[in-house]
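Comments concern the structure below.
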Amino acid sequence: HDIEAKNLEIEQARQELEDRARQLSLAAKYKSEFLANMSHELRTPLNSLLILAQLLAQNPTRNLSPKQVEYAGVIHSAGSDLLQLINDILDLSKIEAGKVDINPETVPLPHLLEYVDATFRPLTTQKSLDFTVTTAPDAPHALHTDDSRLRQVLRNLLSNAVKFTERGGVELRIEPAAATEVPAGATGRGPMVAFRVRDTGIGIPERQLASVFGAFQQADGTTSRKYGGTGLGLSISREIAQLLGGAVTAESAPGRGSTFTLYLPVRWSTYEKAPLPEAPPAAPHGPAAAAAADH
9 HDIEAKNLEI
19 EQARQELEDR
29 ARQLSLAAKY
39 KSEFLANMSH
49 ELRTPLNSLL
59 ILAQLLAQNP
69 TRNLSPKQVE
79 YAGVIHSAGS
89 DLLQLINDIL
99 DLSKIEAGKV
109 DINPETVPLP
119 HLLEYVDATF
129 RPLTTQKSLD
139 FTVTTAPDAP
149 HALHTDDSRL
159 RQVLRNLLSN
169 AVKFTERGGV
179 ELRIEPAAAT
189 EVPAGATGRG
199 PMVAFRVRDT
209 GIGIPERQLA
219 SVFGAFQQAD
229 GTTSRKYGGT
239 GLGLSISREI
249 AQLLGGAVTA
259 ESAPGRGSTF
269 TLYLPVRWST
279 YEKAPLPEAP
289 PAAPHGPAAA
299 AAADH
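Given below as structure tokens:
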């Protein structure tokens, strides 16, 4: 009878655990859906505010003082930052709720690099930073992946690099990735390509490297106060990289700058959506690879 009673206890405990797990996963799903819906609701009034602030800042009838025009500009700029943050939250909640569709297409590398140059050259020039984009001779000429999502990740990595670099420069290097350096978390098959974003910025202490990909975390509160920023860009980038069969890793040292690497399969395939069986942990390549593989 003791055994039967024990078995019954174990079975009840298992049932309770299962119920709890089900409740938790439902709660997470509701949270993501709530955030997605809320974000839509928040964007509508914010768009009206932005349009009106922009009209005031343009001062078409020339009846506002320079100070008033400046204030309207500040309202517009703060509103734009808020909209960006809301878009990021919406994006992250969509990804977490599993509602992101991947639309793979042929992405010629030269087109992608033209876009990167047009977007970031003005920002680096404004801060008197060097900006170099180099491609290894043996890099693929085109990728088969989701163009807009790839651009989004590169935008996030490069805007972070520019934001946290006061002198020196930012470099984007594209080269084939050696199989040994690709993090274990990447599900893509076949040849991989690495997009390395190097900067000579403030850098991140080793112990904080693993946490920079966490939502709503920045390496250090003081950094965000000095440089601004949402702290969501890296979380989103990591999630998107995984959806594309790749991964994002970070290497950094305070005062020496950082290197963020996006690994992507040259060809994205649908079977990468299926979770793979747990592989035995590979020998990590440096602390950053290990930290990124944990995510």
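Using this note's numbering, the first residue of the sequence shown is number 9, and each one after it goes up by one. We put the CB at the ideal spot given by N, CA and C, even for glycine.
Should Ala249 go down as buried or exposed, given a rule of 16 or more other Cβ atoms within 10 Å for buried?
Residue burial annotation: Ala249 is buried, with at least 16 other C-beta atoms found within 10 angstroms of its C-beta.
Quick check: the stretch 99 to 116 against the stretch 52 to 59, are at least 3 beta-carbon pairs closer than 8 Å?
They do not touch, by the three-pair rule.
Could you name each continuous beta strand (DSSP E) segment of 3 residues or more that falls completely within the stretch 59 to 127, going from the start of the chain to the end?
Fully enclosed beta strand (DSSP E) runs of 3 or longer: 113 to 116.
Quick one, which of Thr173, Asp155, Arg70, Val178 has its alpha-carbon nearest Thr142's?
Out of Thr173, Asp155, Arg70, Val178, the CA that lies nearest to the CA of Thr142 is found in Val178.
Which one or two residues does DSSP pair with Ile182 in a beta bridge?
Beta-bridge pairing links Ile182 to Thr143, Phe203.
Is there contact between the stretch 74 to 88 and the stretch 125 to 142, where contact requires at least three CB pairs shorter than 8 Å?
Between the stretch 74 to 88 and the stretch 125 to 142, the count of Cβ pairs shorter than 8 Å is below three; the stretches do not touch.
Coil, strand or helix - His48 by DSSP
Here His48 sits in helix by DSSP.
On the DSSP bridge assignment, give the partners of Ala187 in chain order.
None; Ala187 has no bridge partner.
Closest by CA to Ile210, which one among Gly263, Asn15, Asp146?
Of the candidates Gly263, Asn15, Asp146, the one whose C-alpha sits nearest the C-alpha of Ile210 is Gly263.
Compare the beta carbon distance of Arg159 and Arg181 with 8 Å and say whether it is the shorter of the two.
A distance of 8 Å or more separates the beta carbons of Arg159 and Arg181.
For Glu122, which option in Leu162, Ile103, Ser101, Ser136 has the closest C-alpha, if you only look at C-alpha atoms?
For Glu122, the closest C-alpha among the options Leu162, Ile103, Ser101, Ser136 is that of Leu162.
What is the rounded straight-line gap between the Cα of Leu166 and the Cα of Leu270?
Rounded to whole angstroms, Leu166 to Leu270 spans 11 Å at the Cα level.
If you draw a straight line from the C-alpha of Pro28 to the C-alpha of Lys39, how long is it?
First, the amino acid is wrong: residue 28 is Arg here, not Pro. Between the alpha carbons of Arg28 and Lys39 lies a gap of roughly 16 Å.
With distances taken Cα to Cα, identify the nearest neighbour of Arg215 among Met200, Ala258, Gln20, Asn67.
If we check each option's Cα against that of Arg215, Ala258 comes out closest.
Out of Asn15, Ser277, Ile18, which one is the CA nearest neighbour of Asp154?
The option with the nearest alpha carbon to Asp154 is Ser277.
Taking 8 Å as the threshold (C-beta atoms), are Leu131 and Val201 in contact?
With contacts defined by Cβ atoms closer than 8 Å, Val201 and Leu131 do not form a contacting pair.
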